[in-house]
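See structure below.
Residue numbers (this note's numbering), protein chains in the order written: chain Y, 1 to 663; chain C, 664 to 845; chain U, 846 to 947.
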């Protein structure tokens, strides 16, 4: 428990040390980052082991006073419970693997040390988000994560696209964060605390939650739902849900390890984690009413929308980016239908295989000389066998190939829950369609990249071991995670609930389960078959485009949402900015002009008085004095006798006067 | 006062003459002084001055201050007048012309006027002053030399010594001033 | 003989001397005027002594005595100055010494 703060602190310290190091020391930078990350992983593992026993009465908290204000104190804290321990372990472990991968991927980059500094910064902040017991601390680390994302997306800042993408990411998530901030402030105002668990006084504990549910604000909404929706704004921004999804595909401008770490496995999962963390508030008015409904709909809608867009993309990383958005939609759907364990299961499974897919894509890009257009790849299974095999494992996990791959189990659980949602069956259909399309576009991508013959220019080569080793490890996890996630051994569910899991094979043949499982197998299979059938032979124009050019154009144009935003919101803000600047210019011109005129008038007046009054007066005075002096001096003849005469005359007069006085 | 004189003259002309004869030195004094002041020739002025000094000495003696009269004669006539004559000789102009001791111009006229005004004022004071009018007869006042000596060395010894210093300084100073630096 | 006569005489002598000082241009004549004024003062002192209530108090005579002594010194120095001025400026005209003219 005491070592809990070290888990986020060690990578932050590594980032600080790297920042203070003299420029360009690659060895110490990478060494500090990897060492700190490995230490955090071990500590997270220890914390995780501590929570395995089950039977804990609520999370273990480490709260401390941060600021003592006049009215009270502001307290922050960290916690460990099954949710955060599992997440922390996943985040730290995947980060460690990606750090190692980056040693090879960024080997030739001149800003190697800076990369690892930012990676450590991100890692520390992300672990801070995961382990925080206070919404304020979460928000602070949330923003730090956003900052690290901005720095890493725009890592190659001399590329204008990268700089623009970084700015877009930051601004879009900022919009969501505004809602988050307002929700946080509202929560603080309503409950008086931002600590999640505080011995009964926390804002997620029973008394506060029920109080929030009882409060109503306008339109008959419960306070808890409004706060939940506001916080969901931040989660939607970070996790790329509609309408704040626009930044995620552009974020692929960053280096591939960044895409893998931040925009697949960890940062984008922070939104899901946030909702999972604050779930008591979401579920305050009941699992099938209120905010969770909104979350479910947005999740399902985003899943389908992103899957549709991914079908028409040609950049290898962009396909994976839209796939990430789609899978995050699945996770949000899981949360919306009321199951935190299902969402977390999919999150953790997704983290492993999506990181695997991104790192594999990075390996592919590295091997074909930094080419990212899938139409210029092909036949790489011969040249990059390890990459091909691991990528296939990831693809199968993502598509939901059954039994051996974690993705099947977690996605199936979500479909099962969506099917059983009392509110509506539409999200189930949306999710099913998305699952079909997931298999379809992943097969399409695999065909473009690995099947057929090579269509590019350079001679492709396999990546070095430092890059392929993490791929293999992640592939093993993608397969291995299927074991804890099966319903036969509902280990993760039991873990979250706090009791020891048991092996229950009967659940496998449960009627409801088999139906949905069969359905998802069908969806995955048909998706893979359709994809293989359409794309096994490469053709310059996409078969779908040939089938329906208009629809394909809409999909390829990403439903033109970016263009819509640019035409409306961004133009509006540009207009406002220009208007403000114009007003400012006018006001300053008027005031400056008026001030200038006033000053000139005053100075002219002063000059007039000075010349006429002072100068003339003074000059004439001096002239008079001088003339008087000249007159007096002319009387000084220098002749003693005349002086004597005057003297004598004066004396005589005086004597006469005295005599007259005395008489 | 004039009325008294005229009455006296009418009463006893020879007595008055005899009385007034005692003022002869005074008359000489005044006339010589006037001559000295008005003279156009410097030497004549100097000689007239000498005469006036002599008359003043006689006047002192007739007033009973014999020692003073003799001192006046010795110092003034014997030394000062000589000095003045020497100075006149030494400051003769190179060209032999009469010193223009003109009495023309506004300045000299003003000077004369001032002198006359002064005279008028003094005479008025004298005639109206009760102190001066009170004493009629000349009492018998003597200043014996022995007494003068006693006073000089007695109560006025400081003044005597000071005058001695003064004279020494004046002597040295005059010598220094007048020495020609060749 | 009374005091007034002598005072009148001394007054006339004084006025003469004053007129000489104020109107004559020659420095030596100015000096002569000064001497006449001093003589008049001496006469005044002696007259007052003569007609004073206590003639045994010789103050008047003493004063006149010392006056004569000082006058002698003053004449000496004054003439030395006149000679010096004559040497420098070749004139004894009082009006020619106007270098302090302003």
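All C-beta atoms, glycine included, are put in the ideal place defined by N, C-alpha and C.
Cα-Cα separation between residue i and residue j, rounded to whole angstroms
i	j	result
residue 470 of chain Y	residue 157 of chain Y	27 Å
residue 143 of chain Y	residue 174 of chain Y	9 Å
residue 828 of chain C	residue 816 of chain C	16 Å
residue 101 of chain Y	residue 69 of chain Y	46 Å
residue 687 of chain C	residue 720 of chain C	12 Å
residue 256 of chain Y	residue 359 of chain Y	7 Å
residue 333 of chain Y	residue 299 of chain Y	5 Å
residue 465 of chain Y	residue 419 of chain Y	44 Å
residue 533 of chain Y	residue 550 of chain Y	22 Å
residue 580 of chain Y	residue 258 of chain Y	38 Å
residue 916 of chain U	residue 631 of chain Y	38 Å
residue 650 of chain Y	residue 806 of chain C	38 Å
residue 450 of chain Y	residue 392 of chain Y	10 Å
residue 663 of chain Y	residue 849 of chain U	19 Å
residue 804 of chain C	residue 768 of chain C	47 Å
Partner residues on chain U for residue i, Cβ-Cβ distance less than 9 Å
i	result
residue 655 of chain Y	Correct list: empty, because the minimum Cβ distance to chain U is about 13 Å.
Where residue i meets chain C, residues with beta-carbon distance less than 9 Å
i	result
residue 892 of chain U	726
residue 652 of chain Y	777, 780, 781, 784
Residue nearest to residue i in terms of C-alpha spacing, selected from the options
i	options	result
residue 28 of chain Y	Y:103, Y:83, Y:79, Y:66	Y:103
residue 819 of chain C	U:908, U:920, U:942	U:908
residue 672 of chain Y	Y:77, Y:119, Y:65, Y:458	Because chain Y spans 1 through 663 in this model, residue 672 of chain Y falls outside it and cannot be assessed.
residue 351 of chain Y	Y:655, Y:438, Y:394	Y:394
residue 413 of chain Y	Y:442, Y:344, Y:447, Y:456	Y:344
residue 138 of chain Y	Y:97, Y:170, Y:78, Y:154	Y:78
residue 290 of chain Y	Y:228, Y:634, Y:372	Y:228
residue 146 of chain Y	Y:93, Y:171, Y:452, Y:584	Y:171
residue 847 of chain U	U:941, U:892, U:869	U:892
residue 265 of chain Y	Y:315, Y:312, Y:530, Y:89	Y:89
residue 555 of chain Y	Y:10, Y:283, Y:318, Y:278	Y:318
residue 704 of chain C	C:806, C:752, C:777, C:732	C:752
residue 927 of chain U	C:738, C:744, C:754, C:737	C:754
residue 180 of chain Y	Y:163, Y:136, Y:206, Y:408	Y:136
residue 565 of chain Y	Y:303, Y:243, Y:177, Y:167	Y:243
residue 155 of chain Y	Y:624, Y:109, Y:362	Y:109
residue 30 of chain Y	Y:99, Y:44, Y:40	Y:99
residue 283 of chain Y	Y:128, Y:529, Y:206, Y:415	Y:206
residue 773 of chain C	Y:384, Y:648, Y:377, Y:260	Y:648
residue 482 of chain Y	Y:459, Y:460, Y:517, Y:397	Y:397
Within chain U, the residues that residue i reaches when beta carbons sit closer than 7 Å
i	result
residue 723 of chain C	891
residue 648 of chain Y	863, 867
residue 809 of chain C	Those within 7 Å of residue 809 of chain C in chain U number zero; the least Cβ separation is about 11 Å.
residue 841 of chain C	925, 928, 929
Contact set between residue i and chain Y, taken where Cβ atoms lie within less than 8 Å
i	result
residue 768 of chain C	Within chain Y, no residue comes near residue 768 of chain C; the closest Cβ sits about 11 Å away, beyond 8 Å.
residue 942 of chain U	638, 639, 640
residue 945 of chain U	636, 638
Chain Y residues whose Cβ lies nearer than 9 Å to that of residue i
i	result
residue 774 of chain C	641, 644, 645, 648
Closer than 8 Å at the beta carbon, the chain C residues around residue i
i	result
residue 882 of chain U	Within 8 Å Cβ-Cβ: nothing; residue 882 of chain U doesn't reach chain C, min ~10 Å.
residue 877 of chain U	699, 700, 708, 709, 712, 747
Neighbour list for residue i in chain C, Cβ cutoff strictly below 7 Å
i	result
residue 917 of chain U	738, 742, 743
residue 659 of chain Y	788
residue 886 of chain U	In chain order: nothing, as chain C lies at least about 11 Å away.
**Message:** For the segment 732-743 of chain C, list every residue whose C-beta sits within 8 Å of some C-beta in chain U, in sequence order.
**Reply:** Listed by position, the residues of the segment 732-743 of chain C near chain U (Cβ gap below 8 Å) are 734, 735, 738, 739, 742, 743.
**Asked** Using Cβ-Cβ distances below 9 Å, what residues of the segment 857-875 of chain U are close to chain C?
**Response** 857, 858, 859, 860, 861, 862, 863, 864, 865, 866, 867, 868, 869, 870, 871, 872, 873, 874
**Request:** With 7 Å as the C-beta to C-beta threshold (strictly closer), list the residues of the segment 777-792 of chain C near chain Y in chain order.
**Result:** 777, 780, 781, 784, 788
**Cβ pair count under 8 Å reaching 3, the segment 194-212 of chain Y against the segment 232-250 of chain Y** = Fewer than three Cβ pairs drawn from the segment 194-212 of chain Y and the segment 232-250 of chain Y lie within less than 8 Å of each other, which leaves the two stretches out of contact.
**Request:** Tell me, please, whether the segment 249-263 of chain Y touches the segment 184-192 of chain Y by the rule of three or more beta-carbon pairs shorter than 8 Å.
**Result:** no
**Asked** For the 8 Å Cβ check, are there 3 or more pairs between the segment 361-376 of chain Y and the segment 432-439 of chain Y?
**Response** The segment 361-376 of chain Y is not in contact with the segment 432-439 of chain Y.
**Members of the segment 922-939 of chain U near chain C, C-beta cut-off 9 Å** = 922, 923, 924, 925, 926, 927, 928, 929, 930, 931, 932, 935, 936, 937, 938
**Request:** Check whether the segment 10-21 of chain Y touches the segment 108-118 of chain Y, counting contact only when three or more Cβ pairs, one atom from each stretch, lie closer than 8 Å.
**Result:** They touch, by the three-pair rule.
**Asked** Are the segment 874-884 of chain U and the segment 915-930 of chain U touching by the rule of at least three beta carbon pairs closer than 8 Å?
**Response** yes
**Asked** Using 8 Å as the threshold, is the segment 623-636 of chain Y in touch with the segment 739-753 of chain C, meaning 3 or more CB pairs across them?
**Response** By the Cβ criterion, the segment 623-636 of chain Y is not in contact with the segment 739-753 of chain C, since fewer than three pairs of Cβ atoms, one from each stretch, lie closer than 8 Å.
**Validate contact between the segment 728-740 of chain C and the segment 688-703 of chain C using beta carbons, cut 8 Å, 3 pairs** = No, the segment 728-740 of chain C is not in contact with the segment 688-703 of chain C.
**Asked** If you measure beta-carbon to beta-carbon, which residues of the segment 819-832 of chain C are closer than 7 Å to chain U?
**Response** 819, 822, 826, 829, 830
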